[in-house]
Amino acid sequence: MGSIPQVSVLRGFATDSFLPEKYLHRLFERNARLHNNNTAILYKGAKQSSIYKLSYQELDRAANRLARSLLDEIRSRGSQGPNKDGNWVVAVRLSPSDALLLTLLAIWKAGAAYLPLDKCAPPGRVQHIVNEAQPALIVNEDSIDVSDDVYKADNVVSFNYLDEKAAGMSAEVVKDHEMLVTSNEPIGIVLYTSGSTGVPKGVIIPHSAIFNRLTWQWREFPYGTNEQITVFKTALTFVDAVSEIWGPLLSSDPKTVLVVSREAAKDTEQLINLLEEFKIERLVLVPSLLRAILQYLNLAADRKILLSSLKLWVCSGEPLPKSLALEFLDHFSYSGGDHMLCNFYGSTEVMGDVTYFIMKTPADLDGFDGKVPIGRPLDNTMIYLMDKNLKPVSVGDIGEIFASGRNLAHGYVKGRDPERFVINPHTVDPDQNRLYSTGDYGRIVKNVVVFEGRTDSQIKVRGHRVDLAEIDASLSRLEEVNKSVVLCYRPGEVDQAIIAYVTLSPGYDTPALELENKLMNSLPPYSIPQVLVIDSIPLLVNGKVDRQTLLKKYENNNVINGNIMDDVDLSSLPENKHIAAQCLVKTVASVIGASLRSRISLESNFYSLGGNSLNSVYTVTRLRDQGFTIGITEFVSSENLRQIIDRMVPETEGSGNNHSTSYLQPIYTTELLTEDHKASVYKMITDSFSEKADLEQWIVPPILPENYHEMMDKMWPHLLEARLSFVVKSEDNKCLGVSLSFDAHKEPEIVLTSKFQIVFDFLEKMEQSVRDELLPKGEGQVLHSFMMGTNSQLSPAENVAVMQYMEQENLRLARTVGFVGIFTTNTSPLTQQLGTDVFGYKVLKEYRVNHYIAPDGTKPFGKAPDSQTISVSWKTLDQ
Numbered sequence: 001m002g003s004i005p006q007v008s009v010l011r012g013f014a015t016d017s018f019l020p021e022k023y024l025h026r027l028f029e030r031n032a033r034l035h036n037n038n039t040a041i042l043y044k045g046a047k048q049s050s051i052y053k054l055s056y057q058e059l060d061r062a063a064n065r066l067a068r069s070l071l072d073e074i075r076s077r078g079s080q081g082p083n084k085d086g087n088w089v090v091a092v093r094l095s096p097s098d099a100l101l102l103t104l105l106a107i108w109k110a111g112a113a114y115l116p117l118d119k120c121a122p123p124g125r126v127q128h129i130v131n132e133a134q135p136a137l138i139v140n141e142d143s144i145d146v147s148d149d150v151y152k153a154d155n156v157v158s159f160n161y162l163d164e165k166a167a168g169m170s171a172e173v174v175k176d177h178e179m180l181v182t183s184n185e186p187i188g189i190v191l192y193t194s195g196s197t198g199v200p201k202g203v204i205i206p207h208s209a210i211f212n213r214l215t216w217q218w219r220e221f222p223y224g225t226n227e228q229i230t231v232f233k234t235a236l237t238f239v240d241a242v243s244e245i246w247g248p249l250l251s252s253d254p255k256t257v258l259v260v261s262r263e264a265a266k267d268t269e270q271l272i273n274l275l276e277e278f279k280i281e282r283l284v285l286v287p288s289l290l291r292a293i294l295q296y297l298n299l300a301a302d303r304k305i306l307l308s309s310l311k312l313w314v315c316s317g318e319p320l321p322k323s324l325a326l327e328f329l330d331h332f333s334y335s336g337g338d339h340m341l342c343n344f345y346g347s348t349e350v351m352g353d354v355t356y357f358i359m360k361t362p363a364d365l366d367g368f369d370g371k372v373p374i375g376r377p378l379d380n381t382m383i384y385l386m387d388k389n390l391k392p393v394s395v396g397d398i399g400e401i402f403a404s405g406r407n408l409a410h411g412y413v414k415g416r417d418p419e420r421f422v423i424n425p426h427t428v429d430p431d432q433n434r435l436y437s438t439g440d441y442g443r444i445v446k447n448v449v450v451f452e453g454r455t456d457s458q459i460k461v462r463g464h465r466v467d468l469a470e471i472d473a474s475l476s477r478l479e480e481v482n483k484s485v486v487l488c489y490r491p492g493e494v495d496q497a498i499i500a501y502v503t504l505s506p507g508y509d510t511p512a513l514e515l516e517n518k519l520m521n522s523l524p525p526y527s528i529p530q531v532l533v534i535d536s537i538p539l540l541v542n543g544k545v546d547r548q549t550l551l552k553k554y555e556n557n558n559v560i561n562g563n564i565m566d567d568v569d570l571s572s573l574p575e576n577k578h579i580a581a582q583c584l585v586k587t588v589a590s591v592i593g594a595s596l597r598s599r600i601s602l603e604s605n606f607y608s609l610g611g612n613s614l615n616s617v618y619t620v621t622r623l624r625d626q627g628f629t630i631g632i633t634e635f636v637s638s639e640n641l642r643q644i645i646d647r648m649v650p651e652t653e654g655s656g657n658n659h660s661t662s663y664l665q666p667i668y669t670t671e672l673l674t675e676d677h678k679a680s681v682y683k684m685i686t687d688s689f690s691e692k693a694d695l696e697q698w699i700v701p702p703i704l705p706e707n708y709h710e711m712m713d714k715m716w717p718h719l720l721e722a723r724l725s726f727v728v729k730s731e732d733n734k735c736l737g738v739s740l741s742f743d744a745h746k747e748p749e750i751v752l753t754s755k756f757q758i759v760f761d762f763l764e765k766m767e768q769s770v771r772d773e774l775l776p777k778g779e780g781q782v783l784h785s786f787m788m789g790t791n792s793q794l795s796p797a798e799n800v801a802v803m804q805y806m807e808q809e810n811l812r813l814a815r816t817v818g819f820v821g822i823f824t825t826n827t828s829p830l831t832q833q834l835g836t837d838v839f840g841y842k843v844l845k846e847y848r849v850n851h852y853i854a855p856d857g858t859k860p861f862g863k864a865p866d867s868q869t870i871s872v873s874w875k876t877l878d879q
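The UniProt record's numbering puts the first residue of the sequence shown at 1, with every later residue one more than the last.
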C-alpha cells in the first residue's frame, strides 16, 4: 500500500501577538512615558547645516497637538463622516522629513488611517485614488504645486497651516472618546497598488495586521545590543516603509529613526555614506539597489571596511537572483557569516511580507535548482499551494500561493476584487479563516517555498509593482491605437524591458515615440513601455495572441547577433584606443541587450541606446572587470561612446590614481554679467549654438553667426538690467561658460529679422502653456534659465564640469534672489538627460520637434528624426 502524499501547506509559529490595546499609537505613547528623553527622529534637510532631533516625549506631545488640529479641521469643515467603507482616511503628500513622521503619528492619534500620495504620480492616477478613497483631508506641502488640480480641492490643507494651528492645542494624550469613531478593529493605513483590471486599487490594512508583522520582526530579528539608529528610506507608498518607521518607534526597546531624504535615497553614494556615518545595522532594499551598492563597494578602495556594521540585509519587492545573492555572500565572506542576507516575499495585501528565507553562506542555496527560495511563513500565518479548485497540491508540485492569518489586509477600498480574499475551506481556526490569492505560483522544496512565477500580468520594476494590464488599458484609451499587446522581456533580469506591440487605428500614422509620450499622462515613468508599431498582431490557432512569437521578434530585432564590431567603424580613433573601444561596444551591447533601440556607433548616446542609471553602473563595473577604469560620473555625463572611450583608463596606466571616482573639480569663479564680458559671451553663445544647432540645423536658409549676434544685441541691455546672468571664469581669468536667465514673468519681447525668429516662436509656443498654467504666478517667483554656452576650446570632460558648475551657481543665485524654482527648456538629448537624471528637473512637457507647424503653415523642423524632442522642465528649489 503506497504512502499518502504530503500536501503543500506550511504553518508559521503560533505566537500571542494580539494588539494589547485597540490602537498602535498607544505603544508609542508607552515609549514616550518610559523613554521620554530617548531620541525618536533624526533628520537633516537640504537647507539644514545640522541634524534635527526629536525625543520621544517631544514627538508625542507635538503629535497630540497636531492630532487635535486635524480633528478640529475635519469637524469644522462639516465632514459628512467616514468614507463609503466606514473608515476615516487622511491623505498625505509630504517629503521624507520629521514633519512626515509627526503627521502620520497625529493621523493615528486622531483615529484615522493615513493614505500616502506619490508626488510623482500622474494627475489622473491621483484623482482616481482621491475619488475612490474619499479622504477627509489631504495634507500637502507648502511649496507651490505646478501641475495637479487635485491639490487645489477644498479638503487640501498644508502641513504648516495645521502645525501653526496646533500650537494653541493641548499636548495631553488624545483619549479614545476624543478620536474619530471607528470600528472595533480600526485600520491604520490605506495603500494603493496596481490593479489587475488596469485601475489602481487601495489595500485596507488594520492596526492588528501591522502589529502581527512587527511582533514577528521583533522576535525573529531583534535589535542588536549596540543598534541605536535605524533608517527610513523607502517611499511611503511602499508597504516596506511601515516596518522601517514603526518597527523602531513602537518596539519595547525603542530606537532612533534616521529619516533619509528623497535625494539621498536615490543616490547610491550618498546612501552608502549615510549608512556608514551612522553605523546602520539593518537595511531593507530591492535587489536592483543591492546590485548597485555591491557594484559601488567593489569599486571602492576600502571595500571591506565600508558597511561592515550593516549586518542584516533584507531584499524585498522583486525576485532575488541567485547570482546576486552569491555575489553578496562572496563580498562579505570575510565576516564568517556575520552578515546575513534575507529574501522576503509578500505584497501590500499581506502587510508586505508573508514568507522569509535567510542566507549566511552559499551552502544555504544548495538544492533549489538555481533559485533563491522565498522561504517559510511568518508568525501566525499559513501558506497553501493549491490548484484551481482550492485543493492543496502534493509537496514538490507547483500550485498557486495562498496566504492566511493575521498578516492579511481587510480587503480593498469599496470592496473591489472580492475574489482575491476568499473563505478558507481547510480550517476552523478564526485566525486563518480567510485566504488571500497572491496570483503567484510556487512549490515546496526542503520545507520552504520556491517562487515559480505569476499567474497574471504583474511584474516588479525597481520595487514598484507594475501591472501590464494597467499599461494595456492606458494604451487602449489612445484613439491612435487599434490593438495592443504588452509584454515583459526577461522579467527580473538586468535587461528586463516592458514592451508594447500596437497596431494603429485607420487613418493614423503615429510614431511610437509620440505614443510613449502620451502614456506619460496616465502612467508613472517607471512603467512606460517601449512601444513598437506593427501591421498585425500574430495569433495562435486558437485565436489567442502568440506572445512567444512577439517576444522572439523583439529579441531578433533588437539584439545584435554575430560580431558586433563588424558594424562599428573605429577608423577615426587612434589605434591605441581600439581595444578600449571594442571592450566598451561589446559590453554596452551585452548589458543593454534586447533593450538596445538602435545600432551602435561611436556617436551613440548610451541612454538613447536604451541605457539607464542602473545598467550604467553595471557597465562601469563590467568595464573594470575587463581592465578599464572610468568614474561613474564621467560615464553618465558622456555625450556619446567616443567620449567614454576617451575617459577609459587601462589599469596599468591608472594604478595609483583614483580614476574610479569623478575628475578633480577645477577652481572656477563666477561674475555677474557686465559690459566687459560682451565679446566673450557673444563668441561662446555663437560657437555653442552654431556648432550644435539642435533646432537651427533644419532651417532653410541656414542660420548664420551674425544671426546670433543680432539676437544677443536685442537681449544684451535687458540681461544687464535683470542681473540674473553670469559668466564662469578659470583661475587664469579666462571665460569658460555663460548662463543667461530672466525672471520668467518679466521677460523682454524679442523680435528678430532673421530666420532665427522661427526658433524663438517655436520655443515660446512650447513654453507659454507651461508658463501660464503650471508655474507659480507673479514676478520674482520663477527663474527662466533659457541659454547656456561654453568655451569651444574646452574638452568634453571640462565642458561637463563647467555645465555642472553653472547649474549649481544657477541654483545658488535663484535662492539668493528668492525665486521658488527654475524653469528651462532643453533641446539636446545630453542636456535632457543631465536635467532629469543629474540635476533633478521634472519634465512638464515633451514635444517631438518635427510636429511643429509654424504660423505660415510650414514645418520648419519637418526633416528632424522622430527621436528629436524638446523638454520643458521645472525644478523646485526646496527639492
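Ideal placement from N, C-alpha and C gives every residue a C-beta, glycine not left out.
- [ ] Provide the residue span of the alpha helix (DSSP H) that contains Asn517, from first to last.
- [x] 512-519
request  = Classify His25 as buried or exposed, calling it buried when 16 or more other Cβ atoms lie within 10 Å of its own Cβ.
outcome  = buried
Relative to the C-alpha of Leu573, which residue among Leu673, Ile644, Tyr508 is closest? Ile644
### Sub-8 Å separation of Met648 and Leu623 beta-carbons
yes
**Study point:** First and last residue of the uninterrupted alpha helix (DSSP H) at Val286
**Key:** Counting along the chain, no alpha helix (DSSP H) covers Val286, and no H or E run does either.
- Evaluate contact between the stretch 372-386 and the stretch 352-359, counting only Cβ atoms and requiring at least three cross-stretch pairs below 8 Å. With the cut-off at 8 Å, the stretch 372-386 and the stretch 352-359 touch.
> In three-state DSSP terms, what is Val448?
Replying inline: It is a strand residue.
- Task: Would you tell me roughly how many angstroms separate the C-alpha atoms of Ser437 and Ile401, rounded to the nearest one?
- Result: 7 Å
(request) Taking the CB atoms as reference points, tell me whether Ser252 and Gln217 lie closer together than 8 Å. (result) Not closer than 8 Å, so no.
Which one of Thr869, Trp874, Pro860 has the shortest CA to CA distance from Val843?
Comparing C-alpha distances from Val843 to each of Thr869, Trp874, Pro860 shows the shortest one belongs to Trp874.
On the criterion of 16 or more Cβ atoms from any shown chain inside 10 Å, does Ile51 qualify as buried, or is it exposed?
exposed
For Leu10 and Val383, believed in contact at Cβ under 8 Å, the rounded distance = According to the sequence as given, residue 383 is Ile; it is not Val. That belief holds up - the Cβ atoms of Ile383 and Leu10 are roughly 5 Å apart, short of 8 Å.
If distances are taken between C-alpha atoms only, which option among Lys119, Ala106, Pro82 comes closest to Pro96? It is Lys119.
Margin query: Please list the terminal residues of the continuous beta strand (DSSP E) segment that includes Cys342.
Written below: 340-345
- Quick one: what's got a C-beta closer than 6 Å to Ala99's C-beta in the same chain, skipping five residues either side? Phe159
**Study point:** Residue range of the alpha helix (DSSP H) that includes Ile645
**Key:** 641-647
- Less than 8 Å separating the beta-carbons of Ala166 and Ile74? no
In its own chain, which residues sit with a C-beta less than 6 Å from the C-beta of Ile459, not counting the 5 before and 5 after it? Val466, Cys488, Pro491
task: State yes or no: is the C-beta of Leu365 within less than 8 Å of the C-beta of Ala325?
output: Taking 8 Å as the cut-off, the beta carbon of Leu365 is found closer than this to the beta carbon of Ala325.
Q.
Excluding the 5 residues flanking His331 on each side, which residues of the same chain have their C-beta closer than 8 Å to its C-beta?
A. Leu294, Leu297, Asn298, Arg303
(Q) For Phe421, report the span of its beta strand (DSSP E) as first-last. (A) 421-423
### Query
Taking buried to mean at least 16 other C-beta atoms within 10 Å of its own C-beta, is residue 899 buried or exposed?
Look at the range of the chain in this structure, 1 to 879, and you will see that residue 899 is not part of it.
Span separating the alpha-carbon of Val872 from that of Leu191: 32 Å
Tell me the DSSP bridge mates of Glu400?
Met386, Tyr441
* **Where Ser873 sits in the DSSP three-state scheme** => strand
inquiry  = Taking only three categories from DSSP, how would you classify Ala497?
reply    = strand
- Could you pull out every residue in the same chain whose Cβ sits closer than 7 Å to the Cβ of Phe211, ignoring the five residues on either side in sequence? Ser17, Leu19, Leu24
Query - Distance between Ser309 and Ile471 (C-alpha atoms, nearest Å) - result: 42 Å
Ala40 to Pro248 span [Cα, whole Å]
9 Å
Would you kindly work out how many angstroms separate the C-alpha atoms of Val770 and Ile853, rounded to a whole number?
19 Å
Exercise. From Leu27 to Phe421, what distance separates their C-alpha atoms?
Worked result: 30 Å
For the alpha helix (DSSP H) holding Thr256, just list the boundary residues, first then last.
Thr256 -> not in any alpha helix (DSSP H); beta strand (DSSP E) instead, spanning 256-259.
### Message
Is it the case that the stretch 312-319 contacts the stretch 281-293, given that we only count it when at least three CB pairs across the two stretches are under 8 Å?
### Response
yes
*Which residue or residues does DSSP assign as beta-bridge partners of Cys315?*
Its beta-bridge partners are Leu285, Asn343.
Report task. Answer yes if the stretch 384-393 comes into contact with the stretch 366-375, meaning at least three C-beta pairs across the two stretches below 8 Å, and no otherwise. Result -> no
- prompt: Do you know whose CA, among Tyr161, Met340, Val231, Asp72, lies nearest Asp142's CA?
  reply: Tyr161
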